[in-house]
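A.B. asks: Positions in the sequence shown are counted from 1; adding 82 to them yields our numbering.
Glycine included, every Cβ here is placed at the ideal spot set by N, Cα and C.
All values derive from a computational prediction rather than experimental measurement.
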Amino acid sequence: LGCGAGDLLQHAVASGAVPARYDGLDIVESFVAEGLARGLPGRFHSCDVLEDEWPVGQADWIIANGIFALAQAGDGWWTRYRRLSDKMWRQAKTGMAYTIISTNSPKRNEETRYCDPGEILNEAIARFGDAVLLDHSYLPNDFLLVVRKTR
Numbered sequence: 083l084g085c086g087a088g089d090l091l092q093h094a095v096a097s098g099a100v101p102a103r104y105d106g107l108d109i110v111e112s113f114v115a116e117g118l119a120r121g122l123p124g125r126f127h128s129c130d131v132l133e134d135e136w137p138v139g140q141a142d143w144i145i146a147n148g149i150f151a152l153a154q155a156g157d158g159w160w161t162r163y164r165r166l167s168d169k170m171w172r173q174a175k176t177g178m179a180y181t182i183i184s185t186n187s188p189k190r191n192e193e194t195r196y197c198d199p200g201e202i203l204n205e206a207i208a209r210f211g212d213a214v215l216l217d218h219s220y221l222p223n224d225f226l227l228v229v230r231k232t233r
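(1) Within 8 Å, do at least three Cβ pairs link the stretch 118-133 to the stretch 181-189?
(2) Thinking C-beta only, is V131 closer than 8 Å to L152?
(3) Within a Cβ cutoff of 6 Å, which residues of the same chain sit near A146, ignoring the five residues on either side of it in sequence?
(4) Does DSSP put D105 in a helix, a strand or coil?
(5) My output table needs one value for F150: the three-state DSSP class, helix, strand or coil.
(6) Does the Cβ-Cβ distance between F225 and D212 come in under 8 Å?
(7) Ignore the nearest five residues each way along the sequence and tell me which others in G148's own chain have a CB closer than 7 Å to its CB.
(8) Using CA coordinates, which residue listed in R162, W171, K175, D142 is at the minimum distance from R103?
(9) Just verifying my parser: in three-state terms, what is the DSSP assignment at V228?
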């Protein structure tokens, strides 16, 4: 989710880890067009998953990088975060993984939403169960949340 031009898929292919199936979803049509033009072994779809129907069936894993970075006024960020992560959870057979910008980030930008890793971890456990991993070593600015379905 938020596949851009397919950089994650390109990295997987270069590493010899070609997925059995890859469906990249992005709201930016030009990114999807670029991903299609690269000739990667996957499908790319342009859509707004909050407003549109999910364009593909369930996936083993839903992976998203950077889709929660934009600051929004009031409770807008939390509303979008919860709606989108709920939708990701429903579409995932095994689990989901996504990044969030950390309040521990040494860099600051007024357009970016910074989140307390502990608050996000506790909120994720309350919503999705306790099979949650938080990795703050991903990048200096980000943390990775991995949530696995246990049933």
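C.D. replies: Put simply:
(1) Segment contact: the stretch 181-189 against the stretch 118-133, fewer than three CB-CB distances shorter than 8 Å; contact not assigned.
(2) In the sequence shown, residue 152 corresponds to position 70, counting from 1. In the sequence shown, residue 131 corresponds to position 49, counting from 1. For L152 and V131, no; Cβs fall outside 8 Å.
(3) The residue given as residue 146 occupies position 64 in the sequence shown. Same-chain partners within the cutoff: L83, G84, Y180.
(4) Taking the sequence shown and counting its residues from 1, one reaches residue 105 at position 23. DSSP places D105 in strand when its eight states are reduced to three.
(5) In the sequence shown, residue 150 corresponds to position 68, counting from 1. Correct three-state label for F150: coil.
(6) Within the sequence shown, the letter at position 143 stands for residue 225. Within the sequence shown, the letter at position 130 stands for residue 212. Not closer than 8 Å, so no.
(7) For this step, residue 148 is matched to residue 66 along the sequence shown. Sequence-distant partners of G148 (beyond 5 residues in either direction) whose C-beta falls short of 7 Å from its own C-beta, in its chain, are G84, T181.
(8) For the purposes of this step, residue 103 is taken as the residue at position 21 of the sequence shown. Of R162, W171, K175, D142, the smallest CA-CA separation from R103 is found for D142.
(9) Locating residue 228 in the sequence shown gives position 146, counting from the first residue. In this structure, V228 counts as strand in the three-state DSSP scheme.
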